[in-house]
Amino acid sequence: MQQTEIVEPNTVAVGLCPVCGRDRSVEWRRAPDRFHGRDKSYSLIRCPSCSLVRLQDPPAPAEMAEHYGAYYDSAISGPGDDPAHWRERCESLLRFKSGGTLLDLGCSSGGFLTAMKGPSWKLFGIEMSGAVAKRARDRCCAEVFVGDILDAPFAPGSFDAITCFHVFEHLYQPREVLAKISAWLKPGGVFYTMMPNIDSAGARIFGSYWYALELPRHLYHFSPASLRPLAGSVGLEIISLTTNREVFIEHSMRYVFDEVCRKAGYSRPPLAEVSAPRIPWRVIRKVFRLTLLPVLTGLASLAGDGESMHAVFEKVAPGGRPVAGHGRLSRTRRFC
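At position 282 of the sequence shown (counting the first as 1) the number is 318 in our numbering, and the numbers step up by one without a gap.
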């Protein structure tokens with residue numbers, strides 16, 4: 037007798053989940069590119085087995101440039117040009133590695149590498165833009181490969197530390213990149229990454245209006261439940277995983293207000309076209325940030341974990357044992 041497969045409601049047949057290998061996922065969210073104010077709707081699907089969320093039918097890599105733009109690039113890369121912006125991340129990395137060879141994936145103009153510059157470190161980077169990579173080289177004398185991460189020619193066992201800050205969610209092949217990272221690390225080397233947490237309070241509160249969904253620029257959305265086994269499958273063992281509160285209230289509420297105005301027949305310019313605010317609005321925003329924002333952020337802690345996920349993994353030595361001993365202290369800590 038032929039066995040009939042039981043299909044869960046609202047499931048769609050897609051490619052294998054890169055975390056658990058399941059071939060069906062649940063339709064989870066549908067929303068447009070609210071940042072650019074475009075009408076095309078995108079579908080997010082969620083694996084019911086490991087909770088990984090991914091974009092169904094993402095734009096081809098050759099088409100992705102049109103979904104970014106000058107405002108996006110300046111808003112994202114601008115703050116990163118200041119080495120002071122990276123102080124906490126430098127301190128976090130130094131808790132696990134005090135020196136050696138360091139590779140920053142998506143190094144942009146070298147803000148983080150400049151902050152780490154010193155006699156204890158030999159610096160490397162990977163950047164897609166040749167012009168931006170030149171800025172990084174000029175600033176911190178790092179060796180920067182221009183191109184895709186998977187095409188970088190580094191030899192196995194080259195690095196003591198690899199970092200990846202708000203880049204991993206943009207990747208088309210996250211498991212393959214993690215495998216490459218694992219190969220590039222020396223035994224006992226660490227991988228430090230940051231990305232949005234799809235199981236956070238902000239994602240639950242704002243739903244498809246959550247700013248960090250970033251459709252269609254974010255191709256994968258991870259949580260502690262999905263990131264941990266994915267890293268483990270390529271020989272990376274968790275040594276620290278924290279979630280920090282970063283609700284993106286202002287931008288998320290703007291998306292909600294834009295939708296209300298649209299339904300009322302009033303069209304507002306999208307966030308991508310908004311110029312620098314005038315002085316009266318800056319004053320209002322400053323008052324909001326000093327008064328209501330801390331209250332709203334505190335209330336968000338009642339709805340779940342923080343929105344920014346910080347994870348540090350260690351390359352497991354042959355035989356499955358962590359080299360530096362960090363792996364035996366594996367834990368998940370959550371900060372609100």
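Cβ coordinates follow ideal geometry from the N, Cα and C atoms, glycine included.
Are the beta-carbon atoms of residue i and residue j separated by less than 8 Å?
| i | j | result |
| --- | --- | --- |
| Gly193 | Lys216 | no |
| Val89 | His257 | yes |
| Ala261 | Ser87 | yes |
| Arg281 | Gly342 | yes |
| Ser244 | Arg65 | yes |
| Ile162 | Phe148 | no |
| Ala308 | Tyr107 | yes |
| Ala151 | Arg175 | no |
| Glu212 | Pro232 | no |
| Gly146 | Ala178 | yes |
| Asp75 | His103 | no |
| Thr199 | Asp118 | no |
| Asp196 | Gly136 | yes |
| His72 | Pro354 | no |
| Phe132 | Val226 | yes |
| Phe242 | Ser288 | yes |
How many whole angstroms separate the CB atoms of residue i and residue j, which I take to be in contact at a CB cut-off of 8 Å?
| i | j | result |
| --- | --- | --- |
| Tyr228 | Leu129 | 5 Å |
| Phe201 | Tyr247 | Actually they do not touch by this definition, with Cβ atoms about 17 Å apart. |
| Ile275 | Phe349 | 7 Å |
| Ser79 | Glu63 | 6 Å |
| Tyr291 | Leu255 | Not quite, the Cβ-Cβ distance comes to about 20 Å (not below 8 Å), so this is no contact. |
| Leu91 | Leu251 | 7 Å |
| Ala101 | Leu249 | Not a contact, Cβ separation roughly 20 Å. |
| Leu266 | Leu214 | 6 Å |
Take the Cβ of residue i as the centre, count every other Cβ of all protein chains shown within 10 Å, and call the residue buried at 16 or more, exposed below.
| i | result |
| --- | --- |
| Met230 | buried |
| Asp377 | Lying outside 37 to 372, the shown extent of the chain, residue 377 is not represented and no answer is given. |
| Gly271 | buried |
| Met164 | exposed |
| Arg298 | exposed |
| Leu186 | exposed |
| Lys351 | buried |
| Gly301 | exposed |
| Cys126 | exposed |
| Gly166 | exposed |
| Ser134 | exposed |
| Ala98 | exposed |
| Ala120 | exposed |
| Val296 | exposed |
| Arg364 | Any reading at Arg364 needs caution, since the residue's pLDDT is 37, under 50, leaving its predicted position unreliable; the model's value is listed next. Its Cβ having fewer than 16 others within 10 Å, Arg364 is exposed. |
| Ala172 | buried |
| Ser344 | buried |
| Ala191 | exposed |
| Leu52 | exposed |
| Pro210 | buried |
Using DSSP bridges, identify the partner residues of residue i.
| i | result |
| --- | --- |
| Ala347 | Thr229 and Leu277 |
| Phe293 | Phe293 is not bridged to any residue. |
| Ile81 | Glu63 and Arg90 |
| Trp157 | Gly136 |
| Phe258 | Asn233 |
| Val270 | BP columns for Val270 are empty, so no partner. |
| Pro68 | Ser77 |
| Leu141 | Ile162 and Cys200 |
| Asp341 | Ser236 |
| Glu127 | According to DSSP, Glu127 bridges with nothing at all. |
May I ask whether a heavy atom of the ligand NAP can be found less than 7 Å away from the beta carbon of residue i?
| i | result |
| --- | --- |
| Phe242 | Of ligands this structure carries none, so the ligand NAP is not represented either. |
So that I know if they touch, is there some Cβ in chain D lying closer than 8 Å to that of residue i?
| i | result |
| --- | --- |
| Asp75 | Among the protein chains of the structure shown there is no chain D, as only one such chain exists. |
Are there three or more Cβ pairs, one per stretch, closer than 8 Å when the segment 235 to 243 is compared with the segment 156 to 175? Under the three-pair Cβ rule at 8 Å, the segment 235 to 243 does not count as touching the segment 156 to 175.
Taking one C-beta from the segment 204 to 220 and one from the segment 251 to 271 each time, how about it: are there three or more such pairs within less than 8 Å? yes
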